DNA sequence: ACTGTAGGCCAACGCCTGTTGACATGTCGA
DNA sequence: TCGACATGTCAACAGGCGTTGGCCTACAGT
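Chains as they are written, first to last, in the working numbering: chain A, 51 to 242; chain B, 51 to 242.
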């Protein structure tokens, strides 16, 4: 056995560096988008040489792929009272957005980078889709309703965290949920 | 008098070139975002030399500023039946988005470029704000309601035209208006 | 204690970028 | 007809980018 003796896999001496790179990458991608986030800047943030980034992640594209790994951690909406799924989902998404900048990295990059956009599509198809499917009776309605939810969720994130429209920035969590919750509710479980 | 004899201002011989540059710039900024849209590519599209772009627009920043000039042409919502302002506004925005790629250029650029983001904020404050103000009785509510409208409008545009989430792309104009209209209605004139 | 190897740094490459200045061409007023 | 000025081309610059390969250095397994 090697190293510090963890229970699983082999702990490499370079794990700390790898993690530092990933953290710095997420921050840079989140703040600057795909093309303005340079390998050199990321390396500088992580206090290592740019060539280390290449050694550990191959190239910029793969680095982004690693940094953009993300789990929405959606709650099981079937256990929530039918009339509250909208506010519940909205609150969860706001929280998820605020405590992890991976989503921001994904969003900023997805606007100018094809691979990132594909990632975003997968994220909604693979994570939001199933959550919505558990609520909707007619399977044919699932994609549209999930899409509409994405519409409002991403629009809120875009205007609040990226464009920073003052009145949207000014909303506190409760106000945001109160305004957006009913919209989500209708998209998830409303008529039509 | 000079040139082709228009009624106002002086028509320069280079006006065609200036317009070609502007058109190419809008298309490139819309398709690629601010940093990936290069002066060289824009010049190539317009069939001229990159240095002409500099001569006529000074630098890339000013070129963008000129290309991102935009008027939402919002209808006078006070002449629309109170209950239909949501669908009316939604329909107008969808149309506006589809027949002019300036908005797309503005959105794609605003995600990674500060000046473009500021432009976007101004656009909503100066154009959407007043339109909303004409509908809402309490002036204190105007900014929030306009912000919420922006939230849904930009979210729809983002998911449909930029991220291209399949179910959102699949909506036709009528379906989009039917789904988003009520949301807009509530943001514009709903309770709370 | 010795040595192989993983971890890390440095310098350089080829390419692309925005931007500049010198030069050629054409057009229009005098 | 002539000259001034607008229009346009060409070549180059300085800097930044992703990426590569060679070279030290220090630790881990024997």
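The beta carbon of each residue, even a glycine, is placed where N, CA and C say it ideally should be.
These numbers come from a predicted model, not from an experiment.
Euclidean distance between Cα positions of residue i and residue j
i              : j              : result
residue 182(A) : residue 206(A) : 19 Å
residue 143(A) : residue 203(A) : 7 Å
residue 200(A) : residue 209(B) : 7 Å
residue 152(A) : residue 213(B) : 17 Å
residue 87(A)  : residue 115(A) : 14 Å
residue 103(A) : residue 79(B)  : 30 Å
residue 85(B)  : residue 188(A) : 44 Å
residue 180(B) : residue 221(A) : 20 Å
residue 97(B)  : residue 111(A) : 32 Å
residue 193(B) : residue 146(B) : 22 Å
residue 155(B) : residue 125(B) : 23 Å
residue 177(A) : residue 90(A)  : 33 Å
residue 236(B) : residue 231(A) : 12 Å
residue 53(B)  : residue 68(B)  : Low per-residue confidence applies at residue 53(B): pLDDT is 35, beneath 50, and the placement is therefore not dependable, though the value from the model is reported in the following sentence. Distance between the alpha carbons of residue 53(B) and residue 68(B): 16 Å.
residue 211(B) : residue 101(B) : 32 Å
residue 136(B) : residue 109(B) : 40 Å
residue 224(B) : residue 61(B)  : 43 Å
residue 244(B) : residue 113(A) : This structure gives no information on residue 244(B), because the portion of chain B shown stretches from 51 to 242.
residue 64(B)  : residue 173(B) : 29 Å
Integer-rounded CB distance, given that residue j should sit under 8 Å from residue i
i              : j              : result
residue 169(A) : residue 160(A) : 7 Å
residue 132(A) : residue 239(A) : 7 Å
residue 74(B)  : residue 95(B)  : 4 Å
residue 128(A) : residue 158(B) : Not quite, the Cβ-Cβ distance comes to about 38 Å (not below 8 Å), so this is no contact.
residue 242(A) : residue 228(B) : 7 Å
residue 196(A) : residue 166(A) : The Cβ separation is near 20 Å, so there is no contact.
residue 123(A) : residue 215(B) : Actually they are not in contact, since the Cβ atoms of residue 123(A) and residue 215(B) sit about 20 Å apart, beyond 8 Å.
DSSP three-state assignment for residue i, whether helix, strand or coil
i              : result
residue 95(B)  : helix
residue 52(B)  : Its pLDDT being 36, under 50, residue 52(B) is placed unreliably in this model, and the coordinates cannot settle the point.
residue 180(B) : helix
residue 83(A)  : coil
residue 241(B) : coil
residue 108(A) : coil
residue 235(B) : helix
residue 73(B)  : helix
residue 121(B) : coil
residue 137(A) : helix
residue 185(A) : coil
residue 228(B) : helix
residue 67(A)  : helix
residue 151(A) : coil
residue 161(B) : coil
residue 145(B) : helix
residue 88(A)  : coil
residue 221(B) : coil
residue 131(B) : coil
residue 57(B)  : Unreliable placement is indicated for residue 57(B), whose pLDDT of 43 sits below 50; the coordinate value is still reported in the next sentence. Correct three-state label for residue 57(B): coil.
residue 214(A) : coil
Selected residue, minimal CA-CA separation from residue i, among the options
i              : options                        : result
residue 150(A) : 121(A), 173(A), 93(A)          : 121(A)
residue 82(A)  : 164(B), 172(B), 193(B), 219(B) : 164(B)
residue 140(A) : 107(A), 198(A), 63(A), 106(A)  : 198(A)
residue 66(B)  : 130(B), 77(B), 136(B), 106(B)  : 106(B)
residue 234(B) : 63(B), 71(B), 185(B)           : 185(B)
residue 93(B)  : 173(B), 148(B), 113(B), 71(B)  : 71(B)
residue 148(B) : 61(B), 62(B), 64(B), 219(B)    : 219(B)
residue 190(B) : 223(A), 217(A), 113(A)         : 217(A)
Anything in the region 214–242 of chain A with a Cβ closer than 9 Å to a Cβ of chain B? List those residues in chain order, please. 214, 215, 216, 217, 218, 219, 220, 221, 225, 228, 229, 230, 232, 233, 236, 237, 240, 242
Residues in the region 191–217 of chain A having any Cβ partner in chain B nearer than 9 Å: 192, 193, 194, 195, 196, 197, 198, 200, 201, 202, 203, 204, 205, 206, 207, 208, 209, 210, 212, 213, 214, 215, 216, 217
Looking at chain B, which residues of the region 147–170 of chain A have a Cβ within less than 7 Å of any of its Cβ atoms? Contact annotation: in the region 147–170 of chain A, residues whose CB is within less than 7 Å of a CB in chain B are 158, 160, 161, 162, 167, 170.
Just by C-beta distance, which residues in the region 58–90 of chain A are closer than 9 Å to chain B? 82, 83, 84, 85, 86
Positions along the region 92–121 of chain B whose CB lies within less than 9 Å of some CB in chain A: none
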